[in-house]
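Read through the structure below, which is laid out as structure tokens, and then see the notes.
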Amino acid sequence: MSRNAQSFKLVLLGESAVGKSSLVLRFAKDEYSDFRESTIGAAFLTQTLTTDEGRDIKFEIWDTSTTPGYRSLAPIYFRNSAAAVIVYDITQRSQASFAQAKTWVQTLRRQADPSITIILVGNKLDLASSSRGTDRELAEAYAEEEGLLFVEASAKTGENVQEVFMQVAKKLPLAPPPQATSGGGGKPGQKGVKLAPGQASGQQAAQACNC
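For the sequence shown, position 37 matches number 37 in full-length UniProt numbering, and the numbering has no gaps at all.
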């Protein structure tokens, strides 16, 4: 990692089992498992990428839980965030996770910094041909209407995962926010998966599919 990398706080939001943790672990460590433990509280990871313009961007990523009892804590993690990745499951026939993704967008509009960069991500693209529940055109139209970035990706295959974070990186300001690391941003030089300090009830709970 370049010592000149700019650090930006980024938060992941979305319903349980849409694949938030799988998405970020594919990005940060190029790993994937069909069965992952559900996040309780939040997990902290870091990863650095270099844009086409040669900027080194270090993402300080907060992977939040939306399980009952922890949803109300989300504002703690997206406060002072420079970017938010909102994930939904494109295979859900009920489109419940897409509806919740739209709710998260409105929550960020009300409570986050007005300059926050938001990207809407439809996960499980590998299942699109057999199990699609949310049309790409519907999601794209909503993203355009709300001024969001948009990508469909697959944490399982890795397709477009790098593109998610590259699109965000290209939208970030030349100078990071002065409070980018507030709320548990980690120490300089930290890499990989880190547990959030002082998490209630431990870091992980029972197994659930987050593919």
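Glycine residues also receive a C-beta, built at the ideal position from the N, C-alpha and C atoms.
Model, not experiment: these values are computed from the prediction.
With 16 other CB atoms within 10 Å as the buried threshold, where does S7 fall?
Counted from its first residue, the sequence shown places residue 7 at position 7. By the 10 Å Cβ count, S7 comes out buried.
Going by Cα to Cα distance, which pick from R132, A99, S129 and R110 is closest to Y142?
Taking the sequence shown and counting its residues from 1, one reaches residue 142 at position 142. Measuring C-alpha to C-alpha distances from Y142 to each of R132, A99, S129 and R110 identifies A99 as the nearest.
CB contact flag (V11, L45, <7 Å):
Residue numbering aside, residue 11 sits at position 11 when the sequence shown is read from its first letter. Residue numbering aside, residue 45 sits at position 45 when the sequence shown is read from its first letter. No, the pair does not count as a contact, with Cβ atoms beyond the cut-off.
To which residues does DSSP link G122 through a beta bridge?
For the purposes of this step, residue 122 is taken as residue 122 along the sequence shown, with counting starting at 1. The partner list for G122 (beta bridge, DSSP) reads Y88 and E152.
Flag S131 as yes when its Cβ comes closer than 6 Å to any non-hydrogen atom of the ligand GDP, and as no otherwise.
This structure lacks the ligand GDP, and indeed carries no ligand of any kind.
Range of the contiguous beta strand (DSSP E) that encloses T64:
Residue 64 sits at position 64 when you count from the first residue of the sequence shown. Run containing T64: D56 to T64, per the beta strand (DSSP E) assignment.
Count the C-beta pairs between the segment 26-36 and the segment 76-88 that are closer than 8 Å, then say yes if the count reaches three, no if not.
no
Which residues in the same chain as F150 place their Cβ atom closer than 6 Å to its Cβ, once the five residues preceding and following it in sequence are excluded?
As a position in the sequence shown, residue 150 is number 150, starting the count at 1. So the list reads L120, E140 and A143, once near-sequence residues are dropped.
CA-to-CA distance, L172 to E60, given in whole angstroms:
As a first step, residue 60 must be located in the sequence shown, where it is residue number 60. As a first step, residue 172 must be located in the sequence shown, where it is residue number 172. Roughly 13 Å between the two C-alpha positions.
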